[in-house]
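Residue numbers (the working numbering): 240 to 675.
Ideal Cβ positions, reconstructed from N, Cα and C, are used throughout, including at glycine.
All figures in this text were calculated on a predicted structure; none of them were measured in a lab.
Following: one structure in structure tokens, then a few remarks.
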Ligand code: ATP
Ligand code: MG
């Protein structure tokens with residue numbers, strides 16, 4: 240993509256409304272634009288990052304065996320009246336009336352909607368287990384929307400819903416998601432901390448939240464520092480002892496924190512008290528929805544069995560902010576390669592110089608041919624402004640073409656994360672970037 244043809248409305252000044260670094264950087268890097276409180280448009284660069292995050296979430300959900308669907312944002316109120324949550328949910332729910340005076344709502348979550356789909360089509364225990372997920376916008380009329388996309392009112396969530404014949408297999412489904420979540424967040428370059436959590440309005444009795452440690456996080460965590468050593472590849476979700484093992488590490492939100500237990504179970508040197516950003520939460524809640532809504536299957540002995548359910552959320556749009564909170568410096572964002580909106584920034588230092596244009600254009604063509612996602616700064620700007628823009632938007636690599644390099648037959652390759660610079664022939668640079 241040529242920057243001259245792109246839309247990247249960078250801000251030089253720090254926007255005064257942004258209190259935390261990710262919000263500041265997302266505005267300055269032209270990723271988002273606020274529409275109204277807690278509601279944002281995603282501009283081209285921001286949307287590319289969002290899509291990258293979304294795709295990793297999708298791949299790990301698919302790999303876990305969950306099936307992708309897409310449910311609507313607008314739901315009929317009757318479904319929520321059936322489950323009893325229509326009155327419980329409170330002001331966070333945006334309630335809408337259509338032209339026929341029918342009560343509708345903009346979904347804050349989809350337990351009722353998926354249970355309705357399930358009960359119409361799945362009638363036998365033979366069709367279980369099933370896990371459905373979708374990646375869809377949610378609306379929650381938060382009292383205090385803030386921190387940009389971190390606590391929005393409209394936000395993108397991945398939510399999955401599992402259906403099982405009994406508690407044992409439902410708990411297996413739960414830990415399958417636990418493992419998928421660890422893999423998902425690690426692929427994004429994060430170090431997730433899974434903590435025991437309260438179930439809140441979703442209900443149920445088994446729940447974990449996944450947090451990214453950050454001083455700006457809204458949650459307070461207490462945990463054994465050894466939790467970060469957890470290797471999800473060694474967790475067998477079907478093992479009956481796995482639940483005990485995971486409950487065996489001390490890691491809890493402040494609501495679940497027990498200071499006495501913390502002191503007896505965790506040696507002082509490993510006790511951590513930190514703030515975290517909640518990027519996901521999983522719940523096992525049994526028959527909370529299947530009973531009132533009649534999601535019942537016929538069991539092996541022809542007996543009716545209300546299915547055992549769980550639900551599993553990931554804050555896809557919040558993750559973009561959380562990844563920036565975890566990866567930035569004074570100059571701007573530092574994207575992990577897996578979620579970067581482009582892999583490389585190609586900079587022509589002299590937009591008015593025919594030799595520079597020819598060399599940069601040729602490199603750009605080769606990068607495109609090699610499938611390396613490149614943002615090509617071909618604008619007529621000062622070198623200082625170009626370097627600052629590249630550092631701000633934080634692409635993993637920068638490749639700089641300038642007149643002095645051309646004389647020597649080299650280009651400069653910079654790694655954004657380490658700041659390491661290297662002069663290489665254009666061919667060697669292409670090789671380093673993985674082009675053939
Ligand atoms: P929080 O405690 O942060 O309000 P929650 O526990 O109400 O979140 P869940 O119902 O668990 O949220 O939703 C699943 C995920 O969706 C959360 O883990 C979080 O990452 C994301 N999420 C929830 N609310 C918001 C929001 N207002 N803006 C952006 N993401 C959100
Ligand atoms: Mg939650």
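As assigned by DSSP and simplified to three states, the class of residue i
{"i": "residue 632", "result": "helix"}
{"i": "residue 193", "result": "Missing from the structure shown is residue 193; the chain here goes from 240 to 675 and no further."}
{"i": "residue 583", "result": "strand"}
{"i": "residue 536", "result": "strand"}
{"i": "residue 345", "result": "strand"}
{"i": "residue 246", "result": "coil"}
{"i": "residue 623", "result": "helix"}
{"i": "residue 655", "result": "coil"}
{"i": "residue 319", "result": "helix"}
{"i": "residue 265", "result": "helix"}
{"i": "residue 383", "result": "coil"}
{"i": "residue 508", "result": "helix"}
{"i": "residue 240", "result": "coil"}
{"i": "residue 252", "result": "coil"}
{"i": "residue 661", "result": "strand"}
{"i": "residue 285", "result": "helix"}
{"i": "residue 475", "result": "coil"}
{"i": "residue 398", "result": "strand"}
{"i": "residue 589", "result": "coil"}
{"i": "residue 277", "result": "coil"}
{"i": "residue 352", "result": "helix"}
{"i": "residue 491", "result": "strand"}
{"i": "residue 667", "result": "helix"}
{"i": "residue 433", "result": "strand"}
{"i": "residue 359", "result": "helix"}
{"i": "residue 676", "result": "Outside the displayed span of the chain (240 to 675) sits residue 676, for which this structure offers no information."}
Residue i CB to nearest heavy atom of the ligand MG below 6 Å
{"i": "residue 733", "result": "Since the first residue of the chain shown is 240 and the last is 675, residue 733 is not available in this structure."}
{"i": "residue 375", "result": "no"}
Cβ pair residue i, residue j closer than 7 Å
{"i": "residue 548", "j": "residue 402", "result": "yes"}
{"i": "residue 248", "j": "residue 269", "result": "yes"}
{"i": "residue 435", "j": "residue 397", "result": "no"}
{"i": "residue 504", "j": "residue 489", "result": "yes"}
{"i": "residue 345", "j": "residue 300", "result": "no"}
{"i": "residue 640", "j": "residue 668", "result": "no"}
{"i": "residue 655", "j": "residue 673", "result": "no"}
{"i": "residue 388", "j": "residue 432", "result": "no"}
{"i": "residue 460", "j": "residue 292", "result": "no"}
{"i": "residue 519", "j": "residue 626", "result": "no"}
{"i": "residue 287", "j": "residue 617", "result": "no"}
{"i": "residue 391", "j": "residue 277", "result": "yes"}
{"i": "residue 530", "j": "residue 476", "result": "no"}
{"i": "residue 596", "j": "residue 551", "result": "no"}
{"i": "residue 705", "j": "residue 593", "result": "For residue 705 there is no data in the structure shown, the boundaries of the chain being 240 and 675."}
{"i": "residue 409", "j": "residue 523", "result": "yes"}
{"i": "residue 404", "j": "residue 367", "result": "yes"}
{"i": "residue 280", "j": "residue 272", "result": "yes"}
{"i": "residue 296", "j": "residue 555", "result": "yes"}
{"i": "residue 205", "j": "residue 653", "result": "Residue 205 lies beyond the stretch modelled for the chain, which goes from 240 to 675, so this question has no answer here."}
{"i": "residue 583", "j": "residue 636", "result": "yes"}
{"i": "residue 638", "j": "residue 588", "result": "no"}
{"i": "residue 515", "j": "residue 458", "result": "yes"}
{"i": "residue 420", "j": "residue 353", "result": "no"}
{"i": "residue 499", "j": "residue 357", "result": "no"}
{"i": "residue 570", "j": "residue 630", "result": "yes"}
Near the ligand ATP: residue i beta-carbon under 6 Å from a heavy atom
{"i": "residue 557", "result": "yes"}
{"i": "residue 272", "result": "no"}
{"i": "residue 681", "result": "Any answer about residue 681 is impossible in this case: the structure gives the chain only from 240 up to 675."}
{"i": "residue 394", "result": "yes"}
{"i": "residue 346", "result": "no"}
{"i": "residue 381", "result": "yes"}
{"i": "residue 390", "result": "yes"}
{"i": "residue 554", "result": "yes"}
Residue i beta carbon near the ligand MN (any heavy atom closer than 6 Å)
{"i": "residue 534", "result": "With respect to small molecules bound, the structure shown includes the ligand ATP and the ligand MG and not the ligand MN."}
Can at least three beta-carbon pairs, one atom from the region 506–518 and one from the region 533–543, be found at a separation below 8 Å?
no
Give a yes or no on contact between the region 563–579 and the region 252–267, applying the rule of three or more CB pairs nearer than 8 Å.
yes
Between the region 606–625 and the region 575–587, can you find at least three pairs of beta-carbon atoms closer than 8 Å?
Flag = yes, the region 575–587 and the region 606–625 touch.
Three or more beta-carbon pairs under 8 Å between the region 341–355 and the region 375–395, yes or no?
yes
Test item, CB below 6 Å from any non-hydrogen atom of the ligand MG:
448, 517, 520
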